[in-house]
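Notes to accompany the following structure.
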Amino acid sequence: HMRAADLLVSQGMFVRAGQQIARVGNEGDSTGPHLHFEVWTSPGRFGGAPIDPKPLLVGAANPPTGTIDPATGTFYGVDISNHQGNFDIAATKREGFSFMAAKCTEGDFFKDSFWPRNRDLMQQHFPGMFCGYHFARNSDPITAQVANLKAHLGDPSIPVMLDYEDPNTPGSGANMRGLVDAINSAGLRVCAIYLPRWYWQGHMGSPPLNDLPPLWNSHYVTASGFASVIYPGSGFAGWKDYTPGAPVEILQFSDKGRVAGKLVDVNAYEGTLDELRTLFSGAPGELSVDDRVLDFWLQLLGPGGAGWPQLNNRSVIDALAEIGMHHGVPGMTPPPAGAAAASLPATTADRARDVFDQIRGPDGTGWNQLGSRSLVDAIAAIAHQLQVPGY
């Protein structure tokens, strides 16, 4: 069961045992690897006669099994900008990508109009595993560039990737370090530097790279297609250290990776999930406070604030109101029709206030549709109405 875009073979190809022929899963919800097939006499399904396939399976080996550690290996990511428009970030997550980056600003003048939208969706689908990037313009004053970045980033806790590859003005180690220091001094955090090797060598004179944030290189393969198929592996030349002590942490290996129906930049990280999380959020092994607050917000209001499909596109509060009204709980009234349609606040503090309101009601006074009850009291009232012992 799959989408047509996930088929990796075409009619007439010879398929060998063990070859991957498709990506299983419908919208990310896999039923597990399995195969449906039919056998027909010539000329095929239209005009031929069906043949029972069971005899063909006698003695056939089952696919090999083994233990897979999802926390260690190769993790793939995508970087986007306004050039991709309303890129489908939810589909990117469903397709198995682990991290993302999106353009925020450029120089001291440009603000990517898609950044607020991309930021909010990445916070929803890639919490703690994304960054905004600033494209440096070497002729623009550093202070003005940082001011532009900080004004448009929206949330200072979001890590920043410095994209240092201005083709119009030669770069320098001093200028690049000055940008890193200024961004960090402004209360932001540079999590990585996108510095293509060709630019470092040909436009900067190969300056030392010690004591800098992790390096993000670009070195493209010629193929296009799914990231996991065209990725050349950990022995690829793009992974070679720039200098001793300056390894490549993330590799952009193609600008023609097929993701969410489009060809975009795709990247790889080799290591553990904890190490990757540390690179972006600085929180190895556990979610940061920001990520936990975001998770509470999403659990209460649903993906994108639009309610949960399994709750008839309602938030937890509105679903409880509907359940309580159905069972005749005094004071419970119909919730607003349709989706919750709440907007994800830009900061953790505002999300925390939303979480408080969802649990206690606006200003802590309960919810009208719950009969002026809090979330906890509403659950207790419904249980009491249903004569659950102890309520």
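Quick note on the numbering used here: the sequence shown kicks off at 21 and runs consecutively.
Beta carbons are placed, not taken as given, at the ideal position from N, Cα and C, and that holds for glycine.
Could you spell out where the beta strand (DSSP E) holding residue i opens and where it closes?
i      : result
Glu290 : Lys282 to Thr292
Thr242 : First-last for Thr242: undefined, no H or E at that position.
Leu182 : Val180 to Asp183
Ala212 : Val210 to Tyr214
From which residue to which residue does the alpha helix (DSSP H) around residue i run?
i      : result
Arg137 : Trp135 to His145
Tyr438 : Nothing about residue 438 can be read from this structure; the chain reaches only from 21 to 411.
Phe119 : Here Phe119 belongs to no alpha helix (DSSP H); instead the beta strand (DSSP E) covers Phe119 to Glu126.
Gly198 : Gly193 to Ser205
Lys170 : Ile162 to Leu173
His154 : Here His154 belongs to no alpha helix (DSSP H); instead the beta strand (DSSP E) covers Phe150 to Phe155.
Val396 : Leu395 to Gln405
Ala266 : That residue, Ala266, is in no alpha helix (DSSP H); it is neither H nor E in DSSP.
Leu76  : Lys74 to Leu77
Thr189 : It is not in any alpha helix (DSSP H) - Thr189 carries neither H nor E in the DSSP assignment.
Ala110 : Ile109 to Arg114
In whole angstroms, what is the alpha-carbon distance linking residue i and residue j?
i      : j      : result
Gly253 : Leu271 : 10 Å
Ala362 : Leu321 : 7 Å
Phe150 : Leu299 : 10 Å
Asp175 : Ser244 : 35 Å
Pro234 : Phe376 : 37 Å
Glu290 : Thr125 : 28 Å
Phe66  : Trp60  : 9 Å
His346 : Thr368 : 35 Å
Asn230 : Val396 : 53 Å
Ser159 : Glu342 : 60 Å
Arg217 : Ala372 : 42 Å
Asn204 : Val210 : 6 Å
Asn237 : Asn333 : 42 Å
Lys170 : Met196 : 17 Å
Asp374 : Gly79  : 60 Å
Going by other Cβ atoms of all chains shown within 10 Å of its Cβ, with 16 needed for buried, is residue i buried or exposed?
i      : result
Val20  : Because residue 20 is not part of the residues shown, which for the chain are 21 to 411, the question remains open.
Ala69  : exposed
Trp220 : buried
Glu115 : buried
Phe273 : buried
Ser62  : exposed
Pro161 : exposed
Asn106 : exposed
Tyr214 : buried
Pro355 : buried
Tyr411 : exposed
His145 : buried
Gln330 : exposed
Ala194 : exposed
Leu112 : For the record, residue 112 in the displayed sequence is Thr; it is not Leu. By the neighbour-count rule (16 or more Cβ atoms within 10 Å), Thr112 is buried.
Thr85  : Here Thr85 scores only 42 on pLDDT, less than 50, and its place in the model should not be relied on; the value that follows carries that caveat. Thr85 is exposed by the Cβ-count criterion.
For residue i, which beta-bridge partners are listed by DSSP?
i      : result
Arg65  : Note: Arg65 sits in no beta bridge, so no partner.
Gly277 : Gly245 and Val284
Trp259 : Its beta-bridge partners do not exist; DSSP assigns none.
Gln378 : Gln378 is not bridged to any residue.
Gln272 : Ser238 and Asn287
Thr94  : Glu290
_Just to confirm the assignment: which complete alpha helix (DSSP H) runs, minimum length 4, are found wholly within the segment 312–367?_
336–346
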